[in-house]
Amino acid sequence: MALSPINSVTRLLARRGGVPPAPPGPLAEYLIGAGQAGLEACTHAAALAARSGRGLGQCLIDMGVVSEEQLFEAYAHLTGLPVWNGRGEIADDSGFTPEFLIANRILPIAARGGAAGPEAARDGEITYVVSDPEDRGLVAMLRRLVPGCTVAIHPEAEIVFRLENHFELEDRAAEEAQTINEASSVEHLKDLALEAPIIRQVNDLIALGVRMGASDIHLEPSRARVELRYRVDGVLHNRPAPSIDDYPGIISRVKILAQLDIAERRVPQDGRINFRAAGKSVDIRVSTIPTAFGEDVALRLLDQKKQVLDLDKLGFGGPFIANLRAALKHSHGLILVTGPTGSGKSTCLYSGLRDIVDGRTKIITVEDPIEYEISGLTQIQANAEIGLTFANVLRSILRHDPDVIFIGEIRDRETAEIAVQSALTGHLVLSTIHTNSAIGAIDRLVNMGVPDFLIASSLLALTGQRLVRKLCTHCRRIEDVPDAVAERLGLAAGSQTYAAVGCHECGNIGYRGRMPIGEILAIDGAMRNLILTERSSEGVLTAARAAGFRTMVEDGLDRAAEGQTTIEEVLRVAR
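Mapped onto my numbering, the consecutive letters of the sequence shown carry residue numbers 5 to 579.
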């Protein structure tokens with residue numbers, strides 16, 4: 005095993021007048037020499053590894069000192085084993101039984117043009133991918149049993165996931181499974197939550213979500229197993245889940261981190277966690293709900309540094325931003341952004357608020373929860389449990405003479421009425437509301453009991469939006485739109501668009517990242533009269549389209565024609 009000396013580090017410490025502690029192994033020596041970790045952090049990680057029984061590398065990841073990618077690059081340098089790049093299919097003729105492969109975390113890959121990276125096996129040969137580069141005995145055994153074979157390394161989670169999917173492991177028999185509610189003692193739950201393996205599993209599943217760029221992590225218990233799913237670019241992906249035996253401890257650990265009551269498992273609970281992974285701080289919103297087989301947990305990952313709160317950089321079309329900015333210049337009125345959960349409504353409105361913060365305008369927000377902390381705003385966290393509802397807070401806000409009010413969401417009649425009244429009495433009010441389209445917000449307000457003449461008088465603009473996945477620019481391909489589809493969507497005959505293919509760059513999905521598509525209806529005098537005279541949203545839509553209004557589906561089809569997304573993706577989220 006080649007070593008990377010740290011003589012320069014030792015000399016530096018000596019000049020500072022101290023005797024350095026013994027470097028904790030070749031891995032630490034390499035990371036220190038490469039400038040990726042400090043000697044103090046490595047020494048602390050080595051002590052933690054000795055106490056917990058985990059490897060030094062895993063401890064460094066848990067501490068946020070290095071990323072998984074950096075760790076395996078170091079392993080590759082030290083062991084001479086290449087890092088598997090994720091390509092290739094599992095070889096059925098590996099020479100080992102499924103039980104042996106699973107027990108030893110060995111993934112046999114049939115090489116197809118460099119499946120294992122820079123030192124890949126030749127086409128037709130098998131590359132054996134292992135998860136523990138420090139297990140020299142396993143590598144030696146493979147090379148003894150399969151002389152001349154190529155061995156590569158890769159993180160364990162992906163290896164286990166591939167093996168389980170390929171061999172279709174059966175669930176445990178019901179009689180062998182333990183129910184999730186066995187740990188009835190609160191003291192026992194606390195003990196479980198403080199065990200090193202449980203802490204590691206919770207850290208690992210959150211860190212994986214951060215690395216994947218996931219927006220949500222879902223833990224879903226059933227009778228004999230747990231499902232772990234990550235939502236990436238709006239689509240759920242299954243990953244290897246914790247065992248049913250560990251689930252009570254994992255739930256307790258999450259609850260302790262989120263400052264929730266671990267003894268209460270009969271009612272939903274909500275909390276927050278601030279988590280650090282690979283030097284990145286992530287705010288996590290935690291929600292638990294009771295189910296037939298235990299508590300279902302959802303964790304929403306909010307990386308505030310990742311979000312761009314700039315209207316020009318959100319990805320909307322030019323007309324959408326121009327109309328929204330025109331509405332934001334008014335001194336009073338109501339602007340509503342509509343769409344389902346996770347469609348980017350709050351990000352859009354926060355970006356609009358950033359646009360009008362000038363130091364001379366008093367802006368007060370009431371939110372549940374506060375998703376972004378923005379200087380120049382007075383932000384209030386609603387709390388229904390103590391009576392601090394949107395409606396109650398709004399009454400107090402008006403006494404502070406704000407110029408702009410942002411309401412996280414209009415959920416009930418009382419909040420809607422106060423928002424409309426505030427918009428009519430000299431305040432610019434921004435809020436979100438759950439409807440399927442911009443024009444649908446009018447019917448929603450009417451159904452809440454707000455008179456139509458107040459709606460017409462207060463509205464400035466209605467917007468609707470969705471998030472669609474962006475095509476991977478490395479593998480997308482042009483294809484003809486079938487005539488039947490073109491006719492149904494109102495496209496010209498012979499139209500062409502792009503299709504998702506899938507490659508290494510996008511993880512064989514065909515898409516990478518998301519962007520918004522949207523619609524915006526500016527409310528002018530003619531539209532106010534229309535709201536008062538028309539009794540259906542269809543009638544308002546027909547008149548609005550005659551005046552130039554374009555729906556979010558039409559906006560999405562334009563993006564598809566430009567090669568930014570696909571027609572299928574637009575129809576999936578906007579129809």
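Heads up, the beta-carbon is just placed ideally off N, CA and C, and yes, glycines get one too. Just so you know, these numbers come straight off a predicted model, no measurement behind them.
Going by DSSP in three states, residue i sits in which element: helix, strand or coil?
i      : result
Arg216 : Looking at the sequence shown, residue 216 is not Arg but Met. If DSSP states are grouped into helix, strand and coil, Met216 belongs with the helices.
Phe297 : coil
Arg403 : coil
Ser347 : coil
Lys284 : strand
Glu418 : helix
Asp484 : strand
Glu523 : strand
Ser355 : helix
Asp274 : strand
Lys597 : Outside the displayed range of the chain (5 to 579) lies residue 597, so it cannot be described from this structure.
Leu305 : strand
Asn387 : strand
Ala512 : Inspection of the sequence shows that residue 512 is occupied by Asn rather than by Ala. In this structure, Asn512 counts as coil in the three-state DSSP scheme.
Pro122 : Bear in mind that the predicted position of Pro122 carries a pLDDT of just 41, short of 50, making it unreliable; the figure below should be weighed with that in mind. DSSP places Pro122 in coil when its eight states are reduced to three.
Arg140 : helix
Phe4   : With the chain represented from 5 up to 579, any question about residue 4 goes unanswered, as that position is not in the structure.
Arg176 : Residue confidence for Arg176 is low, a pLDDT of 42 falling below 50, so the modelled location carries little weight; the figure read from the coordinates is stated next. If DSSP states are grouped into helix, strand and coil, Arg176 belongs with coil.
Ala503 : strand
Thr569 : coil
Ile210 : helix
Ala497 : coil
Phe324 : helix
Phe171 : helix
Thr382 : strand
Ala156 : strand
Asp372 : coil
I'd like to know whether the C-beta of residue i is nearer than 8 Å to at least one C-beta of chain B.
i      : result
Asn440 : Protein chains in the displayed structure number just one, and chain B is not present.
One question on the structure: do residue i and residue j come within less than 8 Å of each other, judged by their Cβ atoms?
i      : j      : result
Asp407 : Leu432 : yes
Leu146 : Val133 : no
Ile130 : Ile113 : yes
Ile409 : Leu545 : no
Ile248 : Arg229 : yes
Leu212 : Arg235 : no
Ile325 : Leu315 : yes
Ile535 : Asp456 : yes
Ile384 : Val424 : no
Glu72  : Arg215 : yes
Ile255 : Glu299 : yes
Leu340 : Ser435 : yes
Arg257 : Gly68  : no
Thr292 : Gln263 : no
Leu209 : Leu240 : no
What whole-angstrom Cβ distance do residue i and residue j have, given they're in contact under 8 Å?
i      : j      : result
Arg576 : Val557 : Not quite, the Cβ-Cβ distance comes to about 11 Å (not below 8 Å), so this is no contact.
Ser355 : Leu318 : 6 Å
Leu471 : Leu525 : Leu471 to Leu525, Cβ: 20 Å. No contact.
Ile374 : Leu303 : About 17 Å separates the two Cβ atoms, so there is no contact after all.
Pro86  : Ala80  : 6 Å
Leu480 : Ala504 : Note that residue 480 is Arg in the sequence shown here, rather than Leu. Their Cβ separation, rounded to whole angstroms, is 7 Å, which keeps Arg480 and Ala504 in contact under 8 Å.
Arg204 : Arg58  : 6 Å
Val70  : Leu43  : In fact, because the Cβ distance is near 14 Å, the residues do not count as touching under 8 Å.
Gly453 : His336 : Between His336 and Gly453 the Cβ distance is about 22 Å, and since that is not below 8 Å, they are no contact.
Val290 : Val301 : 7 Å
Arg329 : Asp362 : Wrong, their Cβ atoms sit about 14 Å apart, outside the cutoff.
Cys63  : Leu75  : 10 Å between Cβ atoms; not a contact.
Leu398 : Thr419 : 7 Å
Count the other CB atoms within 10 Å of the CB of residue i; is the residue buried (16 or more) or exposed (fewer)?
i      : result
Val271 : exposed
Thr501 : buried
Glu523 : buried
Leu463 : buried
Ser347 : buried
Asp416 : exposed
Gly343 : buried
His508 : exposed
Pro151 : exposed
Arg492 : exposed
Glu371 : buried
Lys349 : buried
Leu198 : exposed
Threshold first: 3 residues or longer. Then list the beta strand (DSSP E) segments lying entirely within the region 19-102, N to C. none
What ranges does the alpha helix (DSSP H) occupy inside the region 436-466, keeping only unbroken runs of at least 4 residues that lie completely in it? 444-451 and 456-462
Jot down the residue ranges of each uninterrupted beta strand (DSSP E) in the region 213-261, minimum 3 residues, whole runs only, in chain order. 220-225, 230-236 and 239-243
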